[in-house]
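Per the working numbering, the very first residue in the sequence shown carries number 64; after that it's consecutive.
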Amino acid sequence: MSDEYKPLSSYIEIGNEFSHILVRKVGTKNGVRLEIFSPTTGTKVFLDPLQLEYLTLVNIEVFRKIIDLLSRESDVQDKASVDN
């Protein structure tokens, strides 16, 4: 998504000992989205209402598998950068 959006609310901070994220409602030319921003990685995603609704249908075990997979990929990338 390009930077063509307008903040409709302030950021809400959500964090624990493992992660820290910011979320806010934004308006785009295609409607309202939820912006999820990770200050740690500098990445963000914009989810529309349908995508958010479908997240409520995902079994928590799927999230665990995604986190495990991405953590392992991150570990491999970290090791590669140390080896170079």
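Glycine included, every Cβ here is placed at the ideal spot set by N, Cα and C.
Residues in its own chain within less than 8 Å of residue i by CB, not counting five upstream and five downstream?
| i | result |
| --- | --- |
| TYR74 | LEU85, VAL86, ARG87, PHE100 |
| LEU115 | LEU97 |
Between which two residues does the beta strand (DSSP E) carrying residue i extend?
| i | result |
| --- | --- |
| GLU98 | 94-101 |
| TYR68 | 68-70 |
| GLY90 | 83-91 |
| GLU80 | Note, GLU80: premise wrong, no beta strand (DSSP E); not H, not E. |
Round the Cβ separation of residue i and residue j to the nearest angstrom and send it over; I've been treating them as touching at under 8 Å.
| i | j | result |
| --- | --- | --- |
| HIS83 | PRO70 | Contact doesn't hold; Cβ gap of about 19 Å is too wide. |
Over the uninterrupted alpha helix (DSSP H) stretch that includes residue i, give me the two end residues.
| i | result |
| --- | --- |
| GLU116 | 112-118 |
Residues in its own chain within less than 7 Å of residue i by CB, not counting five upstream and five downstream?
| i | result |
| --- | --- |
| VAL108 | ILE99 |
| LEU118 | none |
Sorted by chain position, which residues of the same chain lie with C-beta nearer than 6 Å to residue i's C-beta, five sequence neighbours on each side aside?
| i | result |
| --- | --- |
| TYR36 | One cannot answer for residue 36 here, as it falls past the ends of the chain, which runs 64 to 147. |
Could you tell me which residues DSSP pairs with residue i in its beta bridges?
| i | result |
| --- | --- |
| PHE126 | Paired residue(s): none; PHE126 is not in a bridge. |
| VAL108 | ILE99 |
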